[in-house]
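Undergrad:
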Amino acid sequence: MTGMTEQYSTEQHSREHEYPHVAGAAGEENETSVAPDAGAAVAVNAVNIAASGTTHNTDDRHHAPFALHNTIYRDGTATPMILVHAFPVDHHMWDACAAQIITRADARGLDAFALWAPDMPGAGEGPIPAVQDSGHVAADGAYTDALDLMTDAYASLLKHAGYQRAVWVGLSMGGYVVMDMQRRHPELIAGLAMCDTKASADGTAARANRLRIADECERDHTIEPVMHFAEPQDGDSSIKRSDAFIKQMTAWIQAQSPEGIAWRQRMAAGRPDLNDQLAAVQTPTAVISGECDPSSPPEQMRALAEAMTGTEVSFTQIPDCGHFSAVEHPDIVADALVDLMARVQRPERSGQAGHGEHSEISEYNETNRHSETSERNGHDARIEDNQQ
Numbered sequence: 001m002t003g004m005t006e007q008y009s010t011e012q013h014s015r016e017h018e019y020p021h022v023a024g025a026a027g028e029e030n031e032t033s034v035a036p037d038a039g040a041a042v043a044v045n046a047v048n049i050a051a052s053g054t055t056h057n058t059d060d061r062h063h064a065p066f067a068l069h070n071t072i073y074r075d076g077t078a079t080p081m082i083l084v085h086a087f088p089v090d091h092h093m094w095d096a097c098a099a100q101i102i103t104r105a106d107a108r109g110l111d112a113f114a115l116w117a118p119d120m121p122g123a124g125e126g127p128i129p130a131v132q133d134s135g136h137v138a139a140d141g142a143y144t145d146a147l148d149l150m151t152d153a154y155a156s157l158l159k160h161a162g163y164q165r166a167v168w169v170g171l172s173m174g175g176y177v178v179m180d181m182q183r184r185h186p187e188l189i190a191g192l193a194m195c196d197t198k199a200s201a202d203g204t205a206a207r208a209n210r211l212r213i214a215d216e217c218e219r220d221h222t223i224e225p226v227m228h229f230a231e232p233q234d235g236d237s238s239i240k241r242s243d244a245f246i247k248q249m250t251a252w253i254q255a256q257s258p259e260g261i262a263w264r265q266r267m268a269a270g271r272p273d274l275n276d277q278l279a280a281v282q283t284p285t286a287v288i289s290g291e292c293d294p295s296s297p298p299e300q301m302r303a304l305a306e307a308m309t310g311t312e313v314s315f316t317q318i319p320d321c322g323h324f325s326a327v328e329h330p331d332i333v334a335d336a337l338v339d340l341m342a343r344v345q346r347p348e349r350s351g352q353a354g355h356g357e358h359s360e361i362s363e364y365n366e367t368n369r370h371s372e373t374s375e376r377n378g379h380d381a382r383i384e385d386n387q388q
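Numbering-wise (UniProt numbering), the sequence shown opens with residue 1 and increments by one.
1. Secondary structure at R183, three-state DSSP: helix, strand or coil?
2. For D293, which residues in the same chain have their Cβ closer than 6 Å to its Cβ, ignoring the five residues on either side in sequence?
3. Could you confirm whether any beta carbon from chain B is found closer than 8 Å to the beta carbon of R343?
4. Quick one: what does DSSP say C195 is sitting in, helix, strand or coil?
5. Looking only at its own chain, which residues have a Cβ that is under 7 Å from the Cβ of H63, when we skip the five neighbours before and after it?
6. Check this for me: beta carbons of L171 and H228, under 8 Å apart or not?
7. What did DSSP end up calling T151 once you bin it into helix, strand or coil?
8. Within 10 angstroms of its Cβ, does A146 collect 16 or more other Cβ (buried), or is it exposed?
9. Checking 8 Å against the spacing of the C-beta atoms, do V131 and L340 come in under that value?
10. Out of Y73, A107, M308 and N70, which one is the CA nearest neighbour of N275?
11. Among residues of its own chain, excluding the 5 on either side of H185, which ones have a beta-carbon nearer than 6 Å to its beta-carbon?
12. Buried or exposed, going by whether 16 or more other CB atoms sit within 10 Å of the CB of Q317?
13. Hey, I189 and T283: beta-carbon distance below 8 Å or not?
14. Am I right that G260 and A138 are in contact with their C-beta atoms under 8 Å? What's the rounded C-beta distance?
15. Just to check my reading of the structure: F87 and M173 have Cβ atoms closer than 8 Å, yes? What is that Cβ distance to the nearest angstrom?
16. Is it buried or exposed for A205, if we count other Cβ within 10 angstroms and need 16 for buried?
17. Suppose you measure from the CA of G109 to the CA of D148; what does that come to, to the nearest Å?
18. Hey, how far is the Cα of G126 from the Cα of Q182?
19. At what residue ranges does the stretch 60-89 contain a whole run of the beta strand (DSSP E), taking only runs of 3 or more?
20. Could you tell me the boundaries of the beta strand (DSSP E) in which T316 lies?
21. So, helix, strand or coil for A334, using DSSP?
22. Inspect the beta-carbon positions of A262 and E218 and report whether they are closer than 8 Å.
What follows is the structure, given as structure tokens:
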């Protein structure tokens, strides 16, 4: 039976959010990562996955089919946390949340852990794989192997840095990587979080729409087909309708390339259905859902959580929050992720197994829990801006 911890937030945000676009405000974009055991530098941008699944190192990013550009918010020796971003943006969507994860984790006395946010291929600084390096191309133009190849690249990134496991966090398209990691590399998972995402493959109409967008982006060399992600829609959260959010999301999308947008759409269109992986999850898990999310609404996210019958799942539902929960409410998402990391680290400290350790269902009042955490942490300027 799934153990599910219910967490609801009733906080409302009256002050405008700040969304720092410069990575240095919250982290630093790095081409090297320090291995936890020896301090030897590992070239992160040069971790490449060929179609055969073999790995090699090279500094020539133009010939690297699946090179990953990694942003390291901080290094650490404990099990790392890897944040996988949404579409159609890049790792910058994690900047504010990452800063708060670090602050809250340190305040709770957790062992220092590395915090990374690699760009997907074709996102931000991530090189765009060539068609011939993207695996099988379906008759309709979808890349049916690309998710697996990308997931293998994330796995290689972790292993090249000398780590054995990580806590994998995926938001929206990032969740596809996390579920595929469960399918292909479950031994690399210490915990996982699914935020505003799904495990199912695209239906016929959704797949066709992705490929239409990919065709238009490539043909007209434009990103206009995805600019609607920055435009307020009926039923959106007050934050997504704010001038600050619209300005920041617009800048993030405009920083993407048409070819990179198209590659990610073809990858997502060709991904497999991964619902059968939900019951296979055996590590501590968090599911986070924005109450106003039209594409992954709470009832769907709750069903996803309930399908994870082999582990304890904490479910956080955030009012006045849409699809980009880590951007709209970085403080609440950070709390949920720090809670997850605490669950991962406790068995490591006590020597207990971390798989399927709870079956009871508990409920918590998110408002009280969040207030207690805030008093314990204190507020720096950035946290205050995002909470009020």
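For every residue, glycine included, the Cβ atom is placed at its ideal position computed from N, Cα and C. Here the structure is a predicted model, which is why all the values come from computation and not from measurement.
TA: Checking against the coordinates, here is how it stands:
1. Counted from its first residue, the sequence shown places residue 183 at position 183. Judged by DSSP in its simplified three-state form, R183 adopts helix.
2. Walking along the sequence shown from the start, residue 293 turns up at place 293. Sequence-distant Cβ neighbours of D293 in its own chain, meaning closer than 6 Å and more than five residues away, are D196, G322 and H323.
3. Judged by its chain identifiers, the structure shown contains no chain B, having just a single protein chain.
4. The residue given as residue 195 occupies position 195 in the sequence shown. C195: strand per DSSP, three-state reduction.
5. As a working mapping, residue 63 is identified with position 63 in the sequence shown. Any reading at H63 must be qualified, since the residue scores a pLDDT of 35, below 50, and its modelled position is unreliable; the value itself is stated next. Result list for H63: empty, nothing under 7 Å.
6. Here residue 171 is taken as the residue at index 171 of the sequence shown, counted from 1. Here residue 228 is taken as the residue at index 228 of the sequence shown, counted from 1. The Cβ atoms of L171 and H228 lie no closer than 8 Å to each other.
7. As a working note, residue 151 is residue 151 in the sequence shown. The three-state reading of DSSP puts T151 in helix, counting H, G and I together.
8. Here residue 146 is taken as the residue at index 146 of the sequence shown, counted from 1. Looking at its Cβ environment, which holds 16 or more other Cβ atoms inside 10 Å, A146 is buried.
9. Locating residue 131 in the sequence shown gives position 131, counting from the first residue. Locating residue 340 in the sequence shown gives position 340, counting from the first residue. At a Cβ-Cβ threshold of 8 Å, V131 and L340 do not count as neighbours.
10. Reading the sequence shown from its first residue, position 275 is the one you call residue 275. When only C-alpha atoms are compared, the closest one is M308.
11. If you number the sequence shown from 1, residue 185 lands on position 185. The answer, listed in chain order, is A155.
12. Start at 1 with the first residue of the sequence shown, and residue 317 comes out as number 317. Counting Cβ neighbours within 10 Å, Q317 comes out buried, since at least 16 surround it.
13. Working through the sequence shown from its first residue, we reach residue 189 at position 189. Working through the sequence shown from its first residue, we reach residue 283 at position 283. A contact, by the Cβ cut-off of 8 Å.
14. The count along the sequence shown starts at 1 and reaches residue 260 at position 260. The count along the sequence shown starts at 1 and reaches residue 138 at position 138. Taking 8 Å as the upper bound for CB-CB distance, G260 and A138 are not in contact here, some 20 Å apart.
15. Along the sequence shown, read from residue 1 onward, the residue named residue 87 stands at position 87. Along the sequence shown, read from residue 1 onward, the residue named residue 173 stands at position 173. Contact holds; Cβ gap of about 4 Å.
16. To locate residue 205, count along the sequence shown from 1; it is residue 205. With fewer than 16 other CB atoms across the displayed protein chains lying within 10 angstroms of its CB, A205 is exposed.
17. For the purposes of this step, residue 109 is taken as the residue at position 109 of the sequence shown. For the purposes of this step, residue 148 is taken as the residue at position 148 of the sequence shown. Cα to Cα, G109 sits roughly 36 Å from D148.
18. Here residue 126 refers to the residue found at position 126 when the sequence shown is read from its first residue. Here residue 182 refers to the residue found at position 182 when the sequence shown is read from its first residue. So the alpha carbons of these two residues sit roughly 23 Å apart.
19. Counting whole runs of 3 or more residues, the stretch 60-89 contains the beta strand (DSSP E) stretches 69-74 and 78-84.
20. Walking along the sequence shown from the start, residue 316 turns up at place 316. For T316, the enclosing beta strand (DSSP E) covers residues E312 to I318.
21. The count along the sequence shown starts at 1 and reaches residue 334 at position 334. Residue state, collapsed to three classes: helix.
22. Along the sequence shown, read from residue 1 onward, the residue named residue 262 stands at position 262. Along the sequence shown, read from residue 1 onward, the residue named residue 218 stands at position 218. In this structure, A262 places its C-beta atom within 8 Å of the C-beta atom of E218.
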